Amino acid sequence: MAIYHYRCEDCGVVTCVWAKMSDPAPTHCPECNSTKLTKLMERTSFTLKGGGWFAQGYAGHDNCPSSGCCSGCAHNH
Ligand SMILES: [Zn+2]
């Protein structure tokens, strides 16, 4: 099992999903039902657009897998 993060391009919410490699990716944003989800890679240096609350939220997000995570973690951390 691994944790994957998907960011909604429409509302910016990041969804965390525990899944096996073979499991299908989520296709809809839980917040706005958009289908524009972008997979975020863990522990890589992808660049966050903007910053502020979102960048700070993500910075505190590294320990999510061991703490059970989270859906909508972008605003809960
Ligand atoms: Zn959304």
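Residues 1 to 77 in the numbering used here are what the sequence shown lists, from first letter to last.
Heads up, the beta-carbon is just placed ideally off N, CA and C, and yes, glycines get one too.
All values derive from a computational prediction rather than experimental measurement.
Is Thr-35 helix, strand or coil by DSSP? coil
Measuring from each Cβ to the nearest heavy atom of ligand 1, keep the ones under 6 Å and list them in chain order. Going along the chain, the residues that qualify are Cys-8, Asp-10, Cys-11, Val-13, Cys-29, Glu-31, Cys-32, Ser-34.
With a cut-off of 8 Å on the beta carbons, I'd call Glu-31 and Cys-16 a contact; round off their distance for me. About 13 Å; that fails the 8 Å criterion.
Would you kindly work out how many angstroms separate the C-alpha atoms of Lys-39 and Val-13, rounded to a whole number? 12 Å
Report the option in Ile-3, Leu-37, Ala-2, Met-1 whose CA atom is closest to the CA atom of Thr-27. Leu-37
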